[in-house]
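Numbering (the UniProt record's numbering), first residue to last: 1 to 219.
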């Protein structure tokens, strides 16, 4: 990533990241206090400011750590090679990701607090680049699905990607918000069945219609 933080020994880094996660999860990004994070970590201000120039630098390191933990447990989605594999691979990966989130709600809360609209982090150039990486990954996945005949082609790619990401954000946010408030109120299995059905209805070629094709083909 483009931000700068000096090399920090693993023990101090782990203490600081854990303290930052606890503070963000408890108070949100806007309510988080750099001084409380430092106090929670047990490190001196001088040490923390030596390694991290400001809160943004620390928060971006926290996001890196969350991503590392996620990929360590869930892994990366290997792009499918056939139409038959496409939806199966996407379903299994999404299920694994959601179940991981359901078992690690504090990590989910940290990420949501850092990237939700309205936070100061949204203006970060490094965070914007992270969003662009997600957009590129999503675009590549949709393109592979289209090439395999598993994803509709009647909608402009950027519109399809935007609708998918918007729907995914709304669905996932609803799920984790309700799970945080009352874990017994949401069935993970039923949620997954609903979400995957919605994604397939939106993206599959069966959802394509002649009216849409005509609409987008007009000059």
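Glycine is no exception: its CB is placed at the ideal position from the N, C-alpha and C atoms.
In this chain, the alpha helix (DSSP H) harbouring residue 84 covers 83-103. Per DSSP, reduced to three states, the secondary structure at residue 157 is helical. Within the model, the alpha-carbon separation for residue 27 versus residue 63 is close to 17 Å.
Three or more beta-carbon pairs drawn from the stretch 189-206 and the stretch 166-178 are found closer than 8 Å, and the two stretches are therefore classed as touching. Only residues of its own chain outside the window of five on either side were considered, and among them 62 and 65 have a CB closer than 6 Å to the CB of residue 17, listed in chain order. Between the stretch 143-152 and the stretch 82-97 there are three or more inter-stretch CB-CB distances shorter than 8 Å, so the stretches are counted as touching. Nearest to residue 177 by C-alpha distance, out of 53, 73 and 110, is 110.
Boundaries of the alpha helix (DSSP H) around residue 30: 10-31. Remark: C-beta atoms of residue 196 and residue 93 do not approach each other more closely than 8 Å. Residue 155 and residue 90 have their alpha carbons spaced roughly 20 Å apart.
Of the candidates 67, 129, 78 and 77, the residue whose Cα lies closest to the Cα of residue 107 is 67. Annotation for residue 186: 175, 178 and 179 place their beta carbon closer than 7 Å to its own, counting only its chain and skipping 5 residues before and after. Annotated three-state conformation of residue 80 is coil, per DSSP.
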